[in-house]
Structure formats: C-alpha cells, structure tokens
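> Residue numbers (the numbering used here): 112 to 381.
1) Where do the N-terminal and C-terminal ends of the beta strand (DSSP E) with residue 241 fall, by residue?
2) Classify residue 187: buried if its beta carbon has 16 or more other beta carbons within 10 angstroms, exposed otherwise.
3) What are the uninterrupted segments assigned as beta strand (DSSP E) that are 3 or more residues long and contained completely in the stretch 213 to 291, given in chain order?
4) Going by the DSSP bridge assignment, what does residue 128 pair with across the sheet?
5) Taking only the alpha-carbon atoms, compute the straight-line gap between residue 119 and residue 199 and give it to the nearest angstrom.
6) Where does residue 141 fall in DSSP's three states?
7) Hey, could you find the ends of the alpha helix (DSSP H) residue 304 is sitting in?
8) If you drop the 5 nearest sequence neighbours on each side, which residues of the same chain put their C-beta closer than 7 Å to that of residue 204?
9) For residue 150 and residue 156, I'd like the C-alpha separation in whole angstroms.
10) Should residue 233 and residue 226 be called a contact, given that it needs their Cβ atoms to be closer than 9 Å?
11) Please report the distance separating the alpha-carbon of residue 263 from that of residue 237.
12) Could you have a look at residue 310 and say whether DSSP puts it in helix, strand or coil?
13) Roughly how many angstroms lie between the CA atoms of residue 286 and residue 126, to the nearest whole one?
Put into structure tokens, the structure is as follows:
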C-alpha cells in the first residue's frame with residue numbers, strides 16, 4: 112500500500128502556504144528538512160522576502176539540521192529530541208581541551224569522529240585508557256563488564272546548545288505558540304475540507320499535483336478574503352476569483368510541464 116507524507120510550510124503573519132511537497136511516508140521529517148529549506152529559501156528570495164526564523168516541531172531536530180540552518184543564516188527554534196544528551200550523567204565537558212572529566216576527576220579524551228550507522232549522523236567518540244579506570248571505587252557501576260570508559264556524543268554539540276538556548280528563551284516560548292497556531296490549523300483545513308485526508312493517485316508526481324492544487328485553492332481563499340475588504344459586489348469578487356485561479360493554475364501547469372519535460376541548457380562563456 113502506497114503512502115505519502117505532506118511537508119507543509121506556512122507564513123506566520125497571514126497563514127499563507129509558502130511550500131508544500133509530497134514525500135514517501137517511510138522517510139523522517141528531519142531527513143526532509145534540508146530539501147524543504149533549500150527550495151523555500153530560494154523561492155522567498157526571488158520574491159524579495161527575507162526569511163529569518165525556522166520554527167518546527169521536534170521531529171525535524173538533528174545536529175546536522177541545526178548546522179545547516181546556521182550556515183544558511185537562519186535561526187532554528189526546533190526543540191531537541193528527549194534522547195539528546197551532552198554526555199554520561201555526572202561527567203563534565205571541558206570545551207577548551209575537548210575532553211570529559213569523570214566524577215573522580217579523570218580525563219576522558221576525544222578519540223575520533225565517525226558516522227553512526229544506525230542514525231546516519233556524525234558523532235564524536237571519547238575513550239579512557241584502561242589504567243585510568245583501574246582500581247576506581249566507581250568502576251563496577253560506571254563500566255559494567257568492559258575495561259575502559261567509552262561513549263559517543265553528537266558532532267554538533269555547539270549547534271545543539273545554541274538552539275536549546277533559543278528554544279528556552281522568551282522568544283522561543285513565543286515561537287512555540289506561533290507554530291502551534293500556524294501550521295496545525297492550516298493542515299487541519301487541508302485534510303478536513305480540501306481533500307488531503309486521502310490521495311487517490313499513484314506516484315510522487317501525481318501526489319504532488321493533488322497537494323499543490325489544494326494549496327492553490329487554500330491560498331486563493333486567503334487572497335479573496337484580503338481583496339474582499341475593498342469590494343462590496345459579489346459578482347466582482349467572483350470575477351476576481353476566476354481571474355486569479357486562471358493565473359495561478361496556468362502558472363502551476365506551466366511549471367509542472369517545464370520541470371517534467373524540459374531541461375535547461377548551459378552555454379559556455381565566449
């Protein structure tokens with residue numbers, strides 16, 4: 112059975128849908144965020160709009176995403192997973208030396224950077240020599256059956272900590288309320304009233320068409336409400352709706368045809 116996941120981006124000022132895309136449902140939100148950000152930032156830039164803050168729920172959290180957003184000049188307000196840890200309990204990180212101090216004051220040095228095969232994320236490994244732990248009164252509870260203390264933490268510790276500071280700040284608490292009152296209502300409208308509860312198509316290309324048309328209809332309603340303030344005539348509003356829909360739908364079809372059938376050519380500089 113085919114399943115699709117809709118990724119949705121919404122403007123906080125007027126609840127306008129700024130991006131929507133279908134993905135295979137077996138993917139994770141945090142794996143899809145880089146693609147969303149790359150596409151959306153370019154679109155907003157072309158419209159002369161400046162994007163400053165990226166607000167999302169915990170599902171989009173990862174050290175790689177925090178680093179990616181910082182590199183693009185965006186401030187993340189994305190709560191970290193509850194599994195995030197800065198190190199073993201009772202151990203203190205010494206940033207200047209890049210090592211940890213155990214509860215007995217012994218240094219656990221950095222060893223290497225590696226890619227976690229399970230999470231596909233970069234991590235830093237720390238390991239003590241066996242002689243440091245020899246004779247320690249905490250050895251049994253700390254080491255178990257191994258002979259030396261070893262553990263790993265995220266490679267993007269600094270990015271995590273900066274993000275956490277923002278999330279826990281007064282602005283971060285304000286942003287949390289903004290997120291809950293922005294994306295969820297729009298998603299609810301699309302699923303309850305605009306046919307996105309179920310998609311009767313096969314393939315990502317067709318699923319995207321359904322999602323894009325639903326977003327066009329939603330944004331059109333927003334546009335009409337905005338314009339209706341200056342028009343008392345129902346016929347005038349209806350005419351405006353028809354013209355706007357033709358414009359948006361025509362642009363959408365043109366974009367779909369170009370993206371699926373045409374490929375840009377590059378010319379060498381003389």
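Note that CB positions come from ideal geometry on N, CA and C, so glycine has one too. Bear in mind that the values here come from a model prediction, so they are computed numbers and not experimental data.
So, from the listed chains and residues:
1) Along the chain shown, one-based indexing puts residue 241 at 130. Segment 241 to 244 is the alpha helix (DSSP H) holding residue 241; no beta strand (DSSP E) there.
2) Counting from one through the chain shown, the residue named residue 187 turns up at place 76. Residue burial is scored here from C-beta neighbours: residue 187 has at least 16 other C-beta atoms within 10 angstroms and is therefore classed as buried.
3) Correct list: 218 to 226, 233 to 238 and 261 to 265.
4) Counted from its first residue, the chain shown places residue 128 at position 17. Residue 128 is bridged to 121.
5) Here residue 119 is taken as the residue at index 8 of the chain shown, counted from 1. Here residue 199 is taken as the residue at index 88 of the chain shown, counted from 1. Straight through space, the alpha carbons of residue 199 and residue 119 are spaced by roughly 37 Å.
6) For the purposes of this step, residue 141 is identified with residue 30 of the chain shown, where counting begins at 1. Per DSSP, reduced to three states, the secondary structure at residue 141 is helical.
7) Indexing the chain shown from 1 puts residue 304 at position 193. Its alpha helix (DSSP H) spans residues 294 to 304.
8) Taking the chain shown and counting its residues from 1, one reaches residue 204 at position 93. Correct list, in chain order: 197, 198 and 211.
9) If you number the chain shown from 1, residue 150 lands on position 39. If you number the chain shown from 1, residue 156 lands on position 45. So the two alpha carbons sit approximately 10 Å from each other.
10) Working through the chain shown from its first residue, we reach residue 233 at position 122. Working through the chain shown from its first residue, we reach residue 226 at position 115. If you check the CB distance, residue 233 and residue 226 come in under 9 Å.
11) By 1-based counting over the chain shown, the position of residue 263 is 152. By 1-based counting over the chain shown, the position of residue 237 is 126. The straight-line gap separating the alpha-carbon atoms of residue 263 and residue 237 is approximately 6 Å.
12) The count along the chain shown starts at 1 and reaches residue 310 at position 199. Coil, per DSSP.
13) Start at 1 with the first residue of the chain shown, and residue 286 comes out as number 175. Start at 1 with the first residue of the chain shown, and residue 126 comes out as number 15. So the alpha carbons of these two residues sit roughly 14 Å apart.
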